[in-house]
Amino acid sequence: MGEKKDRGALKSGKGAGFTLSDVNRLQILVPPKFGNGHVVMSDEAIFHYKQSTEYDRASQFTLRWDDPELNIWWPIKNPIISQRDEMGA
1319 MGEKKDRGAL KSGKGAGFTL SDVNRLQILV PPKFGNGHVV MSDEAIFHYK QSTEYDRASQ
1379 FTLRWDDPEL NIWWPIKNPI ISQRDEMGA
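Residue numbering for the sequence shown follows our numbering, beginning at 1319 and increasing consecutively.
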């Protein structure tokens, strides 16, 4: 089992939402140790992840996408979601 994350820090209420598309061609830089999530509203999407350090699976953590304590608004009600994301941490 991984390290338990500080949920108090995660519940800070600080967040941002962006719409990325083939039209606006925006990119988002997520700083190290910040959480991120995404929802695809089109039929397909391609994500590219770049990071400043070597990938370390042991340092990763997953939060439930619908965690009531985080109170994240998602624009869909019944998402298709991976088992890992469904389980959370």
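Where a beta carbon is used, it is the ideal one built from N, C-alpha and C, also for glycine.
When you compare the CB positions of Asn1354 and Val1348, do they come within less than 8 angstroms of one another, or not?
yes
Using only alpha-carbon positions, find the residue among Ile1399, Gln1378, Gly1406 that is nearest to Glu1387.
Gly1406
Smallest Cα separation from Val1357: which of Thr1380, Pro1397, Asp1374, Gly1333?
Pro1397
Give me, in chain order, the residues of the same chain whose beta-carbon lies closer than 6 angstroms to that of Arg1325; leave out the 5 immediate sequence neighbours on both sides.
Note that Arg1325 has pLDDT 49, beneath the 50 cutoff, so the model's placement of it is unreliable and the number below is only indicative. Nothing listed; no residue qualifies.
Three-state secondary structure (DSSP) of Arg1382
coil
What does a CB cutoff of less than 8 angstroms around Pro1350 pick up in its chain, not counting 5 residues either side in sequence?
Gln1369, Ser1370, Thr1371
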